[in-house]
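In what follows, a structure is listed as C-alpha cells, so that the remarks can point back to it.
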C-alpha cells in the first residue's frame, strides 16, 4: 500500500490489485506512480474507463465488443459478407485482422461451450450466427476456434447446428500445422501429424 | 487491441499500456477482461481513481501522499514526535510501518536529490523538514534513505543542512548489514564490510 493508512489510497490500491496480472506489490507501485508523476494519465484513464464501460455492447452484426451499434469492420463496404469467420473473442478477431490475410466478415462468440459448466451453444451466441447465415445467404463459415479441447468442441457443435439448419453452407476450419519461426524439433506430435497429413 | 478498431476501446487500451509494468498485450487482455467479466470492478476503479487523484495532496506535517490535511499516522496521539524518520517515498514509509519496529514520526521527501537533473534539497522538501525539526524541538532525525548513490547523497546533503540550521539535533542512519534470510555467500562485499565493522 502506498501510504499504509490513507483510506482512499488503500481502496484504490486494492481495486488495482484485483486486476488480472497485478499483485499487491505492483498495484502499490502503480498507484504511487499515478498519484505523483502521472496524474493526467490517471484522470484520462478514469474517464476513458467509465465512458467505455457505460457504452460497451456488442456489434449488431458480428457480435464483437463495441461501443457503437455497428463495429467499424462491419461498417466497411469492401468486406466480403458471404464468408463469416467465427472466433472465440474480439481479441482473436483483432489477431486475424493484424495478419491482413482475411477480407471476409466475422462473428464473435461469447467464449466457448463448456458442458461441465452448463455453457451450451445458445449461451455463446450460436443462434445469432445461424440467423445471419440464413438471412445473408452466406456461402462459407470458417470456424476459427482454437485447437484446444473446448475450442474443438465448440467448432464441432457449431458445425452440427449449421448442418441441420443451413445444410448448403460450406463449413471449414483454420489449417493446423507448424508455427512460423518454430523449429520442427520443438513442435508437438499432434501438430506434426497434422502438418504431415496436410502437406501440399 | 481488443477490437482493433473501436475507437473508445483502442484509446482505453492505449492508456492502460502506458502504465508502468503493462505492455500492449497485457493491456489488451486487461481491457477485454474489464469490459466483459468485470464491469463493476472497472466502474469502481474509474471512480476511485478520479476521486483519489482529485483529492491527492501531501500531509501538512509529514509530507506523505494523502487525501486529507493530516495523514492517519500523524493524527495518532501515541507516536513519538521528538524523532523523525526521513524516507524517500510514501512506499518506504509503508514498508517501515509494516516492520512494526518504529513508533516515532516520519517525514517523506519528494524523491531524492540529483545534481545532474538539477534536483536539489529545496526541491525534495528539506526546508519543510528543517522547519519542523526547529519548531517541534525534535531530538533525533533518522535518515532512512536507501544505500544507493542517490540515497547516500541525499542523506549527506540533509545531514549538512541540519548541522548548519539545527546543530543540536542527533542525526542517525539506518544500520547497514546482512539481509534476513540471505546467505553470507551471496552478500556483496560492501555490505559484508559494513556487517563486519558494525558487528556487536
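Residue numbers (the working numbering), protein chains in the order written: chain R, 24 to 223; chain C, 24 to 223. Glycine is no exception: its CB is placed at the ideal position from the N, C-alpha and C atoms.
Classification of residue i by the beta-carbon crowding that lies within 10 angstroms, buried from 16 upward
| i | result |
| --- | --- |
| residue 145 of chain C | exposed |
| residue 129 of chain R | buried |
| residue 25 of chain R | Residue placement at residue 25 of chain R is flagged as unreliable, the pLDDT there being 41, under the threshold of 50; the coordinate-derived value follows with that caveat. Residue 25 of chain R comes out buried. |
| residue 46 of chain R | exposed |
| residue 126 of chain C | exposed |
| residue 150 of chain C | exposed |
| residue 84 of chain C | buried |
| residue 115 of chain C | buried |
| residue 57 of chain R | buried |
| residue 50 of chain C | buried |
| residue 98 of chain R | exposed |
| residue 220 of chain C | exposed |
| residue 76 of chain C | buried |
| residue 171 of chain C | exposed |
| residue 208 of chain C | exposed |
| residue 117 of chain R | buried |
| residue 205 of chain C | exposed |
| residue 203 of chain R | exposed |
| residue 212 of chain C | exposed |
Test item: CB-CB of residue i and residue j under 8 Å
| i | j | result |
| --- | --- | --- |
| residue 136 of chain R | residue 166 of chain R | no |
| residue 174 of chain R | residue 111 of chain R | yes |
| residue 142 of chain R | residue 86 of chain R | no |
| residue 214 of chain C | residue 201 of chain C | yes |
| residue 64 of chain R | residue 41 of chain C | yes |
| residue 109 of chain C | residue 152 of chain C | yes |
| residue 147 of chain R | residue 134 of chain R | yes |
| residue 96 of chain R | residue 28 of chain C | yes |
Candidates the options, of which the one nearest residue i by Cα
| i | options | result |
| --- | --- | --- |
| residue 66 of chain R | C:78, C:63, C:184, C:116 | C:78 |
| residue 217 of chain R | R:199, R:203, R:206, R:160 | R:199 |
| residue 34 of chain C | R:47, R:89, R:33 | R:89 |
| residue 123 of chain R | R:158, R:188, R:187, R:102 | R:102 |
| residue 30 of chain C | R:64, R:37, R:71, R:30 | R:71 |
| residue 154 of chain R | R:184, R:174, R:134, R:175 | R:184 |
| residue 54 of chain R | R:209, R:42, R:93, R:36 | R:36 |
| residue 168 of chain R | R:57, R:186, R:180, R:220 | R:180 |
| residue 94 of chain C | C:134, C:133, C:82 | C:82 |
| residue 105 of chain C | C:157, C:213, C:209, C:28 | C:157 |
| residue 38 of chain R | R:69, R:62, R:206, R:60 | R:69 |
| residue 32 of chain C | R:48, R:32, R:80 | R:80 |
| residue 189 of chain R | R:210, R:205, R:203, R:161 | R:161 |
| residue 176 of chain C | C:138, C:92, C:59 | C:138 |
Cβ of residue i within 8 Å of any chain R Cβ
| i | result |
| --- | --- |
| residue 168 of chain C | no |
| residue 55 of chain C | yes |
| residue 198 of chain C | no |
| residue 112 of chain C | yes |
| residue 162 of chain C | no |
| residue 62 of chain C | yes |
| residue 85 of chain C | no |
| residue 44 of chain C | yes |
| residue 126 of chain C | no |
| residue 38 of chain C | yes |
| residue 65 of chain C | yes |
| residue 69 of chain C | yes |
| residue 177 of chain C | no |
| residue 132 of chain C | no |
Interface flag, residue i vs chain C, CB-CB below 8 Å
| i | result |
| --- | --- |
| residue 184 of chain R | no |
| residue 93 of chain R | no |
| residue 103 of chain R | no |
| residue 106 of chain R | no |
| residue 34 of chain R | yes |
| residue 74 of chain R | yes |
| residue 41 of chain R | yes |
| residue 59 of chain R | yes |
| residue 28 of chain R | yes |
| residue 51 of chain R | yes |
| residue 147 of chain R | no |
| residue 78 of chain R | yes |
| residue 96 of chain R | yes |
| residue 171 of chain R | no |
Interface partners of residue i on chain D, CB under 7 Å
| i | result |
| --- | --- |
| residue 174 of chain C | Protein chains in the displayed structure are R and C, and chain D is not among them. |
Margin query: Runs of 3 residues minimum, wholly inside the stretch 159-206 of chain R: which ones carry the beta strand (DSSP E) assignment?
Written below: Fully enclosed beta strand (DSSP E) runs of no fewer than 3 residues occupy 163-166, 193-196 of the stretch 159-206 of chain R, in order along the chain.
Checklist line | Completely contained alpha helix (DSSP H) runs for the stretch 60-97 of chain C, where each covers 4 or more residues | finding: 62-78
Item checked: Complete runs of the alpha helix (DSSP H) confined to the stretch 101-143 of chain C [at least 4 residues] -> Counting only runs that start and end inside the stretch 101-143 of chain C, the alpha helix (DSSP H) elements of at least 4 residues fall at 113-121.
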